[in-house]
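J.: Supplied in structure tokens, the structure appears directly below.
Numbering (the working numbering), first residue to last: 50 to 192.
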């Protein structure tokens, strides 16, 4: 084997193993949530296990447009924290932090002070995330 063939072989092996997730996809439970705030609606379709979540999130603003994209993050206790990477109303891509509090089989959307860390938006450490006046309170959609 020459060096180019050997290098190509190791590159293919590296890509094959790095693409496999550490979490088994079968360990995730699929849940869809729905929320209404005035005439605005939101749909959150996530795959969730004990430690992580990922999925799709869409907010439809009455007669204005929608924000649609992907969510992902970690779960600690009763809190889901991650980010929402979306296209805003058909415009450009944006990323914002996302915090959801699970209480009484509902998810309460959190709000707080957003700062930038390593060029990524995040909730500022040391400032609380507010869940009492949630813009959206998600309820599970029963199939």
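Glycine included, each C-beta is placed from N, C-alpha and C at the ideal position.
1) Residue range of the beta strand (DSSP E) that residue 120 falls in?
2) On a CA-only basis, which of 142, 145, 130 is nearest residue 97? Give me that one, please.
3) Give me the Cβ distance between residue 144 and residue 170, rounded to the nearest whole Å; I'm assuming they're in contact under 8 Å.
4) Can you tell which of 181, 160, 153 has its C-alpha closest to the C-alpha of residue 189?
5) Is residue 157 closer than 8 Å to residue 180 when the C-beta atoms are compared?
6) Starting from residue 104, follow the beta strand (DSSP E) in both directions and report where the run begins and ends.
7) Does residue 116 pass the burial test, meaning 16 or more other C-beta atoms within 10 Å, or should it be called exposed?
8) Look at the alpha carbon of residue 70 and the alpha carbon of residue 76, and state the distance between them as a whole number of angstroms.
T.: Working from what's here:
1) In the DSSP assignment, residue 120 falls within the beta strand (DSSP E) that extends over 114-125.
2) For residue 97, the closest alpha carbon among the candidates 142, 145, 130 is that of 130.
3) Contact between residue 144 and residue 170 holds: their C-beta atoms lie close to 6 Å from each other, under 8 Å.
4) Comparing alpha-carbon positions, the option among 181, 160, 153 lying closest to residue 189 turns out to be 153.
5) Less than 8 Å divides the Cβ of residue 180 from the Cβ of residue 157.
6) 101-110 is the extent of the beta strand (DSSP E) around residue 104.
7) Burial state of residue 116 is buried, judged by a 10 Å Cβ sphere holding 16 or more other Cβ atoms.
8) For residue 70, the predicted model reports a pLDDT of 49, less than 50, meaning its position is unreliable and no value from the coordinates is stated.
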